[in-house]
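Working notes, beginning with the structure itself.
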(Lines of atoms letter the chains of each structure in order from A; the text may use other names.)
(Lines give C-alpha, C1' and ligand atoms only; values in the text may rest on other atoms or scores of the structure.)
Protein backbone atom coordinates (compact mmCIF):
# COMPACT_ATOMS: atom_id res chain seq x y z
CA UNK A 1 0.00 0.00 0.00
CA UNK A 2 0.90 3.63 -0.24
CA UNK A 3 0.38 6.22 2.49
CA UNK A 4 0.02 9.97 1.88
CA UNK A 5 3.13 10.60 3.97
CA UNK A 6 5.04 8.66 1.29
CA UNK A 7 3.88 10.90 -1.58
CA UNK A 8 6.82 11.80 -3.78
CA UNK A 9 8.87 8.89 -2.44
CA UNK A 10 9.40 5.46 -3.97
CA UNK A 11 8.54 3.73 -0.67
CA UNK A 12 5.78 1.12 -0.94
CA UNK A 13 4.70 -2.01 1.00
CA UNK A 14 2.57 -4.95 -0.16
CA UNK A 15 1.27 -7.38 2.47
CA UNK A 16 0.12 -10.80 1.27
CA UNK A 17 -1.44 -14.09 2.36
CA UNK A 18 -0.81 -17.25 0.36
CA UNK A 19 -2.62 -20.60 0.66
CA UNK A 20 -1.21 -23.73 -1.03
CA UNK A 21 -1.96 -27.41 -1.29
CA UNK A 22 1.10 -29.58 -1.93
CA UNK A 23 0.40 -33.05 -3.32
CA UNK A 24 3.19 -35.64 -3.61
CA UNK A 25 2.18 -38.49 -5.92
CA UNK A 26 4.83 -40.79 -4.46
CA UNK A 27 6.34 -41.43 -1.06
CA UNK A 28 9.90 -40.22 -0.84
CA UNK A 29 12.46 -41.76 1.45
CA UNK A 30 15.81 -43.42 1.68
CA UNK A 31 17.20 -46.88 2.32
CA UNK A 32 20.28 -47.47 4.48
CA UNK A 33 21.61 -50.89 5.49
CA UNK A 34 18.34 -52.51 4.44
CA UNK A 35 16.20 -50.09 6.51
CA UNK A 36 13.76 -47.82 4.66
CA UNK A 37 12.91 -44.44 6.16
CA UNK A 38 10.19 -42.13 4.82
CA UNK A 39 8.23 -39.10 6.01
CA UNK A 40 4.72 -39.96 7.24
CA UNK A 41 1.96 -37.48 6.41
CA UNK A 42 3.75 -35.71 3.55
CA UNK A 43 1.47 -36.94 0.73
CA UNK A 44 -1.03 -34.04 1.02
CA UNK A 45 0.10 -30.90 2.83
CA UNK A 46 -1.80 -27.68 3.47
CA UNK A 47 0.32 -24.52 3.67
CA UNK A 48 -0.43 -20.93 4.73
CA UNK A 49 2.06 -18.07 4.37
CA UNK A 50 1.75 -14.42 5.40
CA UNK A 51 4.27 -11.71 4.75
CA UNK A 52 5.17 -8.35 3.30
CA UNK A 53 7.22 -7.10 0.37
CA UNK A 54 8.55 -3.58 0.54
CA UNK A 55 10.40 -1.08 -1.59
CA UNK A 56 12.26 1.32 0.70
CA UNK A 57 13.72 3.40 -2.15
CA UNK A 58 14.68 2.95 -5.81
CA UNK A 59 17.63 0.72 -4.84
CA UNK A 60 16.53 -1.16 -1.71
CA UNK A 61 13.83 -3.86 -1.50
CA UNK A 62 12.99 -5.99 1.56
CA UNK A 63 10.67 -8.97 1.98
CA UNK A 64 9.76 -11.55 4.56
CA UNK A 65 7.17 -14.17 5.38
CA UNK A 66 6.19 -16.81 7.91
CA UNK A 67 4.71 -20.12 6.76
CA UNK A 68 3.03 -23.09 8.41
CA UNK A 69 2.46 -26.53 6.86
CA UNK A 70 0.23 -29.33 8.17
CA UNK A 71 -0.34 -32.85 6.84
CA UNK A 72 -1.61 -36.25 7.96
CA UNK A 73 -0.19 -38.29 10.84
CA UNK A 74 1.03 -35.25 12.78
CA UNK A 75 3.22 -33.83 10.00
CA UNK A 76 3.90 -30.11 10.50
CA UNK A 77 6.53 -27.56 9.57
CA UNK A 78 7.05 -23.87 10.31
CA UNK A 79 9.33 -21.61 8.31
CA UNK A 80 10.40 -17.97 8.12
CA UNK A 81 12.20 -16.10 5.36
CA UNK A 82 13.80 -12.66 5.14
CA UNK A 83 15.28 -11.12 2.02
CA UNK A 84 17.15 -7.99 0.97
CA UNK A 85 17.91 -6.74 -2.53
CA UNK A 86 20.16 -3.74 -3.08
CA UNK A 87 20.79 -2.56 -6.63
CA UNK A 88 24.09 -0.75 -7.24
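In the UniProt record's numbering, the protein residues as written are 1 to 88. Glycine is no exception: its CB is placed at the ideal position from the N, C-alpha and C atoms.
Quick check: what's the CA-CA separation for residue i versus residue j?
| i | j | result |
| --- | --- | --- |
| residue 61 | residue 17 | 19 Å |
| residue 88 | residue 29 | 43 Å |
| residue 81 | residue 19 | 16 Å |
| residue 4 | residue 15 | 17 Å |
| residue 38 | residue 64 | 31 Å |
What are the partner residues of residue i, as DSSP defines its beta bridges?
| i | result |
| --- | --- |
| residue 79 | 67 |
| residue 14 | 53 |
When burial is assigned at 16 or more other CB atoms within 10 Å of the CB, is residue i buried or exposed?
| i | result |
| --- | --- |
| residue 74 | exposed |
Checking 9 Å against the spacing of the C-beta atoms, do residue i and residue j come in under that value?
| i | j | result |
| --- | --- | --- |
| residue 83 | residue 43 | no |
| residue 49 | residue 66 | yes |
| residue 69 | residue 22 | yes |
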